[in-house]
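Student:
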Amino acid sequence: MVDTEIWLRLMSISSLYGDDMVRIAHWLAKQSQIDGLQQTGLTLRQAQRFLSFPRKSIESSLCWLEQPNHHLIPADSEFYPPQLLATTDYPGALFVEGELHALHSFQLAVVGSRAHSWYGERWGRLFCETLATRGVTITSGLARGIDGVAHKAALQVNGVSIAVLGNGLNTIHPRRHARLAASLLEHGGALVSEFPLDVPPLAYNFPRRNRIISGLSKGVLVVEAVVRW
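Numbering-wise, the sequence shown is residues 1 to 229 according to the UniProt record's numbering.
1. Starting from the C-beta of Gln-38, find all residues in its chain whose C-beta is less than 7 angstroms away, skip the five residues before and the five after it, and write them out in chain order.
2. How big is the Cα-Cα spacing for Asn-158 and Arg-49?
3. Using beta carbons (cut-off 7 angstroms, strictly below), is Leu-165 in contact with chain E?
4. Please classify Ala-132: does DSSP put it in a helix, a strand, or coil?
5. Contact check, Leu-103 vs Leu-180 under 8 angstroms by CB: the rounded distance?
6. What are the partner residues of Glu-97, as DSSP defines its beta bridges?
7. Rounded to the nearest angstrom, what separates Trp-7 and Arg-114 at their Cα positions?
8. Classify His-101 as buried or exposed, calling it buried when 16 or more other Cβ atoms lie within 10 Å of its own Cβ.
9. Between the region 197-207 and the region 84-91, do three or more beta carbon pairs fall short of 8 angstroms?
10. Does Ser-31 come out as helix, strand or coil in the three-state DSSP assignment?
11. Rounding to the nearest angstrom, what Cα-Cα distance links Leu-184 and Arg-208 in this structure?
12. Nearest to Ser-134 by alpha carbon, out of Tyr-119, Gly-145, Leu-108, Lys-152?
13. With a threshold of 16 other CB atoms inside 10 Å of the CB of Phe-95, please say whether the residue is buried or exposed.
14. Taking Val-160 as the reference, give the member of Ala-93, Gly-92, Glu-99, Glu-78 with the closest Cα.
15. The alpha helix (DSSP H) with Ile-172 in it runs from where to where?
16. Under DSSP, the alpha helix (DSSP H) around Leu-108 begins and ends at which residues?
17. Evaluate Ala-140 with the Cβ neighbour count: other Cβ atoms within 10 Å of its Cβ, from every protein chain shown; 16 or more gives buried, anything less gives exposed.
18. From Glu-194 to Pro-91, what distance separates their C-alpha atoms?
19. If you draw a straight line from the alpha carbon of Leu-155 to that of Val-220, how long is it in whole angstroms?
20. Using a Cβ-Cβ cutoff of less than 7 angstroms, which residues in the same chain neighbour Glu-5 once the five nearest sequence positions on both sides are dropped?
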């Protein structure tokens, strides 16, 4: 079994994921001491990042994991969602707050504009309410706009919703959705992130977040997305 600290350090390396992370984690777990990191295939910069991950961050992460319904799910765990594992660049591990079984449910990703029209809101809400009443888990990114519409619609009919964040789970972004996130957990959903707990919502995190949203889901419903040529 791979030590939790190894996963925490590997998760801090933003350029590492998928099979490579899992392979390196298992190699490190077999060593009596951590040295010769570049033998694992890590670059010099990645090895430096692994070694420099703050002890304070490790300790705070371990404290976070001691709380109820707080989880670190490596890709080799039985609790890791198989749908996501089938993607080529799957996260090597996930932080999850909430119900793990939600990750194994039938999910539909719902994404769209952050500046939606009344029409988009109406139909986004109608689709999500209808699907949630039929047992479909609504998965989105907790952002402003259609993301929020999708989560709220699922909860309105006592459905289940999952939010994948582009930051660490120590904070909710945007802050206005803190209550929405809490309600999502109360209804049997989950908050998910591949980022260390204190990572802020940086712009380049969101494409990575989006691949998790789609990877967890059987399909993607796009509501009023901007056309890009």
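Where is the CB? At the ideal position from N, CA and C, for every residue including glycine.
All of these numbers come straight from a predicted model, not from anything done at the bench.
Tutor: Taking the definition as stated:
1. Leu-44, Ala-47
2. 43 angstroms
3. The chain inventory of the structure shown lacks chain E, comprising one protein chain alone.
4. helix
5. At roughly 19 angstroms, the Cβ-Cβ gap does not stay under 8 angstroms, so Leu-103 and Leu-180 are not in contact.
6. His-70, Leu-191
7. 34 angstroms
8. exposed
9. no
10. First, the residue type needs correcting, since residue 31 is Gln and not Ser in the sequence shown. Coil, per DSSP.
11. 22 angstroms
12. The question names Ser, yet the displayed sequence has Arg at residue 134. Comparing Cα-Cα distances from Arg-134 to each of Tyr-119, Gly-145, Leu-108, Lys-152, the minimum goes to Leu-108.
13. buried
14. Glu-99
15. Element bounds for Ile-172: n/a, residue is neither H nor E.
16. Counting along the chain, Leu-108 falls outside any alpha helix (DSSP H), though it belongs to the beta strand (DSSP E) covering 107-112.
17. Just to set this straight, residue 140 is Ser in the shown sequence, not Ala. Label assigned to Ser-140: buried.
18. 6 angstroms
19. 19 angstroms
20. Ile-58
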